[in-house]
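Counting with our numbering, you get residues 714 to 805 for the letters of the sequence shown.
Glycine residues also receive a C-beta, built at the ideal position from the N, C-alpha and C atoms.
A quick note: this is a predicted structure, and the numbers were derived from the prediction, not measured.
The structure appears below as structure tokens.
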Amino acid sequence: AGMNRIATQDIPGKPWDTPQLANELERWKQDGRDVSLLIGGPEGLSPACKAAAEQSWALSALTLPHPLVRILVAESLYRAWSITTNHPYHRE
Numbered sequence: 714a715g716m717n718r719i720a721t722q723d724i725p726g727k728p729w730d731t732p733q734l735a736n737e738l739e740r741w742k743q744d745g746r747d748v749s750l751l752i753g754g755p756e757g758l759s760p761a762c763k764a765a766a767e768q769s770w771a772l773s774a775l776t777l778p779h780p781l782v783r784i785l786v787a788e789s790l791y792r793a794w795s796i797t798t799n800h801p802y803h804r805e
């Protein structure tokens, strides 16, 4: 395992729901490494980035604009964090 855990945001990735992302956050925390989330630009991710990734997470089967993906990832991570800390933000 490398110094960083690399996870890509890519359409062929796994479609995690919020509880699954919360479980991943817990795994990442226990792993003790920094996590780098890679978001592709208009041409997607390079083959080298995809090869370096340990995980690939699909936000949607749709192609989304890069700036919107950044917002969605931030909100998704906050919502997942709220589950791990029993914060009332996320509701089932």
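Cβ distance (whole Å) where residue i is taken to contact residue j below 8 Å
i: residue 719; j: residue 793; result: At roughly 18 Å, the Cβ-Cβ gap does not stay under 8 Å, so residue 719 and residue 793 are not in contact.
i: residue 759; j: residue 725; result: With a Cβ gap of about 15 Å, residue 759 and residue 725 do not count as contacting.
i: residue 771; j: residue 723; result: 6 Å
Cβ neighbour criterion (16 or more within 10 Å) applied to residue i
i: residue 734; result: buried
i: residue 730; result: exposed
i: residue 756; result: exposed
i: residue 807; result: What is shown of the chain runs 714 to 805, which leaves residue 807 out entirely.
Straight-line gap, residue i to residue j (C-alpha atoms, nearest Å)
i: residue 804; j: residue 776; result: 27 Å
i: residue 743; j: residue 798; result: 15 Å
i: residue 746; j: residue 785; result: 23 Å
i: residue 713; j: residue 788; result: Given a span of 714 to 805 for the chain in the structure shown, any question on residue 713 remains unanswerable.
i: residue 750; j: residue 727; result: 14 Å
Residue closest to residue i, alpha-carbon to alpha-carbon, out of the options
i: residue 748; options: 754, 728, 783 and 721; result: 721
i: residue 790; options: 763, 736, 727 and 761; result: 736
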